[in-house]
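**Student:** Chain order of the listed sequences is Z and E. So the first sequence is residues 1 to 118, counted in this note's numbering. So the second sequence is residues 1001 to 1111, counted in this note's numbering. Quick reminder that beta carbons are idealized off the backbone N, C-alpha and C, glycines included. My structure is below; once you've seen it, I'll send some questions.
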Amino acid sequence: NAGVTQTPKFQVLKTGQSMTLQCAQDMNHNSMYWYRQDPGMGLRLIYYSASEGTTDKGEVPNGYNVSRLNKREFSLRLESAAPSQTSVYFCASSQSHRDRGPTNEKLFFGSGTQLSVL
Amino acid sequence: DQQVKQNSPSLSVQEGRISILNCDYTNSMFDYFLWYKKYPAEGPTFLISISSIKDKNEDGRFTVFLNKSAKHLSLHIVPSQPGDSAVYFCAAMEYGNKLVFGAGTILRVKS
């Protein structure tokens, strides 16, 4: 059982380059999330998708776009990377009820993508 | 302004002793609290949670205590083991809203 799989594990970009981080979950979860982790800042929510077909901004959405391709897949795109986007990115999913929203938000995380923007 | 604060960046404990990790929050509307554990090069994994209607929840060696009046929760690990060495994130949520995470505390258990 793979759980949440995200690719790539490592990426180095030059300022201005674009890239897409891929995420897939096999737990039939409704909700999916993208977080970034920075030293001293904890995990901050970038975007989330409560259910297939919907996406919403989180705490730090600027410079990112997302696509909920289907129930399994949720991608994060950096259109023009900046050094401030150097971070570790985590995808997560949860079995939130599609209409009621989160109840007890037990998240399942992928193993992360270490992104460096030079 | 951080709504969830873990004021100790790191903690070092001897194997077999108790580890106490602390977390403070500012939003009185938070009604559910969770602890996640993270090993290097892995994603966080859920450890234990507590609802605001309780003041204690226990799961094996892990116990979470909630003091609503002080807006404080703590995670107790007894006895501590070297495999418990990890980063521990406190998180809180208000029903219908998203989780808010603390900055994390690095726990080192020395053998």
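Along chain E, in chain order, which residues have C-beta atoms closer than 7 Å to that of Y48(Z)?
**Tutor:** Taking a Cβ-Cβ threshold of 7 Å, the residues of chain E close to Y48(Z) are K1098, in chain order.
**Student:** Figure out for me which residue from F1089(E), H1076(E), S1085(E) has the closest Cα to the Cα of I1018(E).
**Tutor:** H1076(E)
**Student:** Quick check: what's the CA-CA separation for V1078(E) versus F1062(E)?
**Tutor:** Rounded to whole angstroms, the separation of the alpha carbons of F1062(E) and V1078(E) is 7 Å.
**Student:** Taking any Cβ of chain Z, which residues in the segment 1024 to 1049 of chain E have a Cβ under 9 Å from it, in chain order?
**Tutor:** Answer set for the segment 1024 to 1049 of chain E: Y1032, L1034, Y1036, K1038, A1041, E1042, G1043, P1044, T1045, F1046, S1049.
**Student:** Per DSSP, F74(Z) is paired with what?
**Tutor:** R68(Z)
**Student:** With a threshold of 8 Å between beta-carbons, can A1086(E) be considered close to chain Z, or not?
**Tutor:** no
**Student:** If I follow the unbroken beta strand (DSSP E) through Y1039(E), where does it start and stop?
**Tutor:** Per DSSP, Y1039(E) belongs to no beta strand (DSSP E) and is neither H nor E.
**Student:** How would you write the range of the beta strand (DSSP E) that K1098(E) sits in, first residue to last?
**Tutor:** Element bounds for K1098(E): n/a, residue is neither H nor E.
**Student:** G1102(E) CB to nearest chain Z CB: under 8 Å?
**Tutor:** yes
**Student:** If the criterion is Cβ atoms closer than 8 Å, does the pair S201(Z) and M27(Z) meet it?
**Tutor:** In the structure displayed, chain Z extends from 1 to 118; residue 201(Z) sits before or after that span and is not available.
**Student:** Which bits of chain Z does F1089(E) rub up against, with CB to CB less than 7 Å?
**Tutor:** G42, L43
**Student:** Can you pull the chain E neighbours of S93(Z), defined as C-beta to C-beta under 7 Å?
**Tutor:** Correct list: empty, because the minimum Cβ distance to chain E is about 11 Å.
**Student:** Which residue comes first and which comes last in the beta strand (DSSP E) that contains S31(Z)?
**Tutor:** 31 to 38
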